[in-house]
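K.L.:
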Amino acid sequence: MDPVLQEIYKTVFSGAPYVLAAYIAILVGLFAYVTFMLLRVTKLEKQVDLLQSTIERRSAKS
Amino acid sequence: MERAVSDRPKISSWRQFSAILRKDIVAELRTFEMITSMGLYILLTLVVYYLAISQASGEFDVREISAGLLWLAFIFTSLLGLNRSLVHEKDQGVLEAILLSPIDRPVLFAAKAVGNFIFIGIVELLSLPLFYLFILQGKPIEGPWYLLIPPLLLGTIGIAGVGTLLATMSVNTKGRDVILAVMFVPIMFPLLYAAVAATSAVIAPGPEGMGPYLPAMAIAAVYDGIMLLGAYSLYEFIVCA
Amino acid sequence: MTDKQSMRVSPNWLVFSLLGASAVLLLVDFVLAFFVAPLQPGAQVYMNGQPVSALINGVAISNQLLFSQKIFYFHVPIAIGSFLIFTFAMVYSVLFLLRRDKVYDTRARIGMEVTLVLVLLTLITGDLWTRHDWGAWWVWEPRLTTYFILFLLVVSYFVLRGAVEDEERKATYAAVFGIVAWVDVPISFVITRLVPSGVHPVVLRSGGIEFIQLLPFLLGLVGMVCFSWVLYQLRLREEFARERVEVLKTELEG
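Protein chains in written order, with our numbering: chain A, 1 to 62; chain B, 1 to 241; chain C, 1 to 254.
(1) When you compare the CB positions of T87(C) and A22(A), do they come within less than 8 Å of one another, or not?
(2) Assuming contact is defined by CB atoms lying nearer than 8 Å, are Y173(C) and V183(C) in contact in what I supplied?
(3) Rounding to the nearest angstrom, what Cα-Cα distance links R131(C) and L152(C) in this structure?
(4) Can a CB atom of chain C be found closer than 8 Å to the CB of G155(B)?
(5) Leaving aside the five residues before and after E236(B) along the sequence, list all residues of the same chain whose C-beta is less than 6 Å from its C-beta, in chain order.
(6) What are the residues of the region 32-56 of chain A that lie near chain C, defined by any Cβ-Cβ distance shorter than 7 Å?
(7) For a contact defined as C-beta to C-beta under 7 Å, what are the partners of W129(C) on chain A?
(8) Is it the case that the Cβ atoms of V162(B) and I187(B) are separated by a distance below 8 Å?
(9) Considering only residues of the same chain and omitting the five flanking positions on each side of S228(C), which have a CB-CB separation below 6 Å?
(10) Would you say V91(C) and Q233(C) are within 8 Å of each other, going by their C-beta atoms?
(11) Measuring CB atoms only, is the region 39-53 of chain C touching the region 235-242 of chain C, in the sense that at least three cross pairs come out at less than 8 Å?
(12) Once you ignore the five residues that flank L118(C) on each side, which residues in its own chain have a CB closer than 7 Å to its CB?
(13) Using the beta-carbon of each residue, which ones in chain C are nearer than 9 Å to K174(B)?
(14) Taking W252(B) as the reference, which of I103(B), V202(B), C240(B) has the closest Cα?
(15) Does the region 135-145 of chain C come within contact of the region 16-34 of chain A, defined as at least 3 CB pairs closer than 8 Å?
(16) Going by the beta-carbon positions, is the gap between A111(B) and L46(B) smaller than 8 Å?
(17) Taking 7 Å as the limit between beta carbons, can you name the residues of its chain near V196(B), skipping five residues before and five after?
(18) Thinking just about the alpha-carbon of each residue, which of A201(B), F32(B), M38(B) is nearest to the one in Y146(B)?
(19) Which residues of the region 72-105 of chain B have a Cβ closer than 8 Å to any Cβ of chain C? Give them in chain order.
(20) Tell me the residue span of the beta strand (DSSP E) that contains A65(C).
(21) For G121(B), I'd like the list of residues in its chain whose CB is within less than 6 Å of its CB, leaving aside the five on either flank, ordered along the chain.
(22) Once you ignore the five residues that flank F96(C) on each side, which residues in its own chain have a CB closer than 7 Å to its CB?
(23) How many angstroms separate the CA atom of F134(B) from the CA atom of Y147(C)?
(24) Around the C-beta of P140(B), are 16 or more other C-beta atoms found within 10 angstroms, so that it is buried, or is it exposed?
(25) What whole-angstrom Cβ distance do S85(B) and A167(B) have, given they're in contact under 8 Å?
(26) Could you give the distance in angstroms between the alpha-carbon of L99(B) and the alpha-carbon of Q92(B)?
(27) Output yes if chain A places a C-beta closer than 8 Å to the C-beta of R109(C); else output no.
(28) Give the secondary structure of M210(B) by DSSP, where H, G and I count as helix, E and B as strand, and everything else as coil.
(29) In whole angstroms, what is the alpha-carbon distance linking D29(C) and V185(C)?
(30) Quick check on S12(B): buried or exposed, where buried means 16 or more other Cβ atoms within 10 Å of its Cβ?
(31) Just curious, the alpha helix (DSSP H) that V82(C) is in, first and last residue?
(32) Checking contacts by CB at 8 Å: is A60(A) closer than that to chain C?
(33) Between I110(C) and the rest of its own chain, which residues show a CB-CB distance below 7 Å, the 5 nearest in sequence each way excluded?
(34) Taking L27(C) as the reference, which of L144(C), L218(C), T250(C) has the closest Cα?
(35) Is there a C-beta anywhere in chain C that falls below 8 Å from the one on F189(B)?
(36) Please state the DSSP three-state secondary structure of P38(C).
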């Protein structure tokens with residue numbers, strides 16, 4: 001490779017792992033948080049529905 | 001409720017203020033507890049600083065970091081004092097008693113903050129000659145000494161004002177002094193930075209000389225203004241909670 | 001109770017369409033940043049003491065090309081997002097003190113949680129950049145320092161919450177502390193303008209930005225704001241659902 005080009009691109013290859021790692025950290029961080037959130041919300045809202053229907057059934061019985 | 005209060009003759013804010021301040025000063029004069037404990041603490045801090053300085057090489061000029069050391073001692077000492085001043089009130093039910101009386105909450109804040117300012121200020125003044133003796137060890141202060149007064153004043157005003165607000169919160173928490181430190185140090189950081197920069201410009205001016213002094217003082221003044229206004233208006237929520 | 005204005009949460013379709021929109025925006029940001037935006041020119045290249053240049057795609061390039069500048073397209077949007085969300089949480093803290101409605105406290109607390117996530121991500125990405133470009137894992141520089149203080153303040157907010165037992169008092173203290181702590185946001189934002197350090201450039205003011213560099217940045221910013229809003233809404237719904245479960249449970253028992 002041309003030594004001038006090598007000099008021009010010097011930091012590109014050494015920098016790539018750090019930039020990549022930073023990008024992955026963001027993606028993993030944000031998506032892990034949002035999935036976690038979604039899972040918990042659906043679980044809780046299911047619980048609310050269950051409790052609600054139990055109460056309704058009970059009041060219908062009495 | 002509204003009527004009952006307005007029927008009574010209104011006590012002027014100044015009299016409320018001086019009554020609380022006088023109470024704090026009289027209580028302190030009786031035991032000297034706050035000043036003695038803070039004074040001893042700052043003395044011990046200076047002694048411990050010696051450990052670090054004693055390991056430095058001969059060319060090391062302690063003046064370059066002495067402003068930081070000075071404010072470090074001040075900030076942790078005032079942490080101790082602020083905590084003390086409100087723990088007493090809380091444990092002996094003084095705060096509740098004050099709140100039962102028809103005293104305006106902002107006035108209460110002003111009186112407590114001024115009281116703390118006086119006690120912290122006294123300890124700082126007492127410790128300055130000791131600092132000169134133990135840490136600077138006779139090395140001269142480069143700039144005119146009276147320029148040290150503005151940063152000391154602005155720094156202490158900020159410490160007392162914000163500290164009174166935060167300490168009133170922390171006495172009602174589980175970890176008291178730890179919680180106070182955790183809240184107080186990051187909040188005070190900008191002011192501390194400005195105060196250290198200005199003090200350092202006086203004790204050992206860098207290549208820029210007194211250049212950083214005025215900007216640092218301006219930052220400290222703006223910070224104090226905003227924070228005191230904030231603390232003054234938010235104090236009511238804290239004591240009523 | 002549920003139809004109270006302060007308890008209102010956004011409908012499902014809005015949350016999911018904004019989640020989708022933010023994903024698309026962040027993806028476009030990614031593509032533009034890495035494949036379209038030119039590499040930032042850095043220091044002049046010298047060989048044997050002489051400035052040299054090489055032809056790349058028919059253009060003479062005489063500066064080093066900096067790959068690490070790519071971080072600008074996602075690190076900065078997250079940082080600005082954290083400032084915005086903190087401000088949002090601070091506004092709810094003020095509303096809580098004025099109206100004494102517990103829901104505002106919940107909103108402020110959740111805003112602070114999302115702030116904490118964004119602040120952590122900013123610190124991590126910024127730190128990786130620091131390691132590469134300045135060769136150290138940590139550098140005490142005005143923006144870094146004030147931002148780190150911001151992180152400590154957000155952490156202390158939760159420490160304070162954990163240390164107060166009474167619910168009403170906890171909410172009040174947290175609101176007051178949130179407002180006082182917020183002061184660090186404008187400080188951290190303007191510090192690079194007050195104390196020039198040369199490492200966090202004032203990009204928009206110095207005018208040294210081309211449209212093709214500005215576009216992915218703005219897309220990333222809008223994407224990040226949408227994303228944080230989705231996070232906030234999801235957390236809010238979880239909190240309300242949890243309260244509802246408690247209410248229903250006591251109803252069932254009683």
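Just so it is clear, CB atoms sit at the ideal spot from N, CA and C, and this is done for glycine as well. Just so we're clear, the structure is a prediction, and the values are computed from it rather than from any experiment.
P.N.:
In terms of the structure at hand:
(1) no
(2) no
(3) 21 Å
(4) No, no contact with chain C.
(5) Answer for E236(B): R105, listed in chain order.
(6) Y33, V34, M37, L38, R40, V41, L44, E45, Q47, V48, L51, Q52, T54, I55
(7) In chain order: Y18, A22.
(8) yes
(9) G81, I85, V114
(10) no
(11) no
(12) Within its own chain, the residues whose Cβ lies closer than 7 Å to the Cβ of L118(C), once the five positions on either side in sequence are excluded, are I78, G81, S82, I85, S228, listed in chain order.
(13) G162, A163, V164, E165
(14) In the structure displayed, chain B extends from 1 to 241; residue 252(B) sits before or after that span and is not available.
(15) no
(16) no
(17) Excluding residues within five positions, the ones whose Cβ falls inside 7 Å are A67, G68, W71.
(18) A201(B)
(19) none
(20) What sits at residue 65(C) in the sequence shown is Leu, not Ala. Element bounds for L65(C): 63-66.
(21) T156
(22) Y104, D105, A108, A171, A175
(23) 35 Å
(24) The residue is exposed, with fewer than 16 neighbouring Cβ atoms inside 10 Å.
(25) 7 Å
(26) Their Cα atoms are separated by approximately 13 Å.
(27) no
(28) coil
(29) 26 Å
(30) So S12(B) ends up on the exposed side.
(31) One point to set straight first is that residue 82(C) is Ser, not Val, in the sequence displayed. Where S82(C) is concerned, the enclosing alpha helix (DSSP H) stretches over 72-99.
(32) no
(33) Correct list, in chain order: Y232, R235, L236, E239.
(34) L218(C)
(35) yes
(36) coil
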